[in-house]
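In our numbering, the protein residues as written are 128 to 259.
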Ligand SMILES: [Zn+2]
Ligand SMILES: [Zn+2]
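Take a look at the structure:
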């Protein structure tokens, strides 16, 4: 597979990217490993980690994660808002189109903006149920 960015993806990277694009769960590296292992049984966790970092570096996937939480990966690289569970750290996409805020250049405290991360914090349905 040759991407429009002009480099080739190895079979391992292609499988990782395809599996990640199939799910909406924003899996951790461990969960990606479990998914990919069903297709490439001999792949190692270290290889999955390295390939996830590679795909992030190329802008093909997103890496999410609050400080201290496990990193999660997202097969949708375009910026989009997320909801994170404050209890179990699971992450979901916001289900409808809402506008990503853009700040005028005079309001950035001199910073160059590289990306925007909109995240709502809540309690997921599973954790709500567990509380009752
Ligand atoms: Zn939860
Ligand atoms: Zn997402």
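Think of the CB as a built atom: it goes at the ideal place given N, C-alpha and C, for glycine as much as any other residue.
Span separating the alpha-carbon of residue i from that of residue j
i	j	result
residue 191	residue 225	19 Å
residue 232	residue 172	42 Å
residue 242	residue 206	8 Å
residue 157	residue 179	11 Å
residue 147	residue 170	16 Å
residue 159	residue 253	21 Å
Span of the beta strand (DSSP E), counted from its first residue to its last, around residue i
i	result
residue 211	209-212
residue 257	Residue 257 -> not in any beta strand (DSSP E); alpha helix (DSSP H) instead, spanning 252-258.
residue 189	189-191
residue 248	246-249
Residue interval of the alpha helix (DSSP H) (run including residue i)
i	result
residue 202	Run containing residue 202: none; DSSP gives neither H nor E here.
residue 219	Careful: residue 219 lies outside any alpha helix (DSSP H), inside the beta strand (DSSP E) at 218-220.
Residue environment, residue i, which counts as buried when at least 16 other CB atoms sit within 10 Å
i	result
residue 247	exposed
residue 140	buried
residue 255	exposed
residue 143	buried
Whether residue i touches residue j by CB criterion (7 Å)
i	j	result
residue 208	residue 218	no
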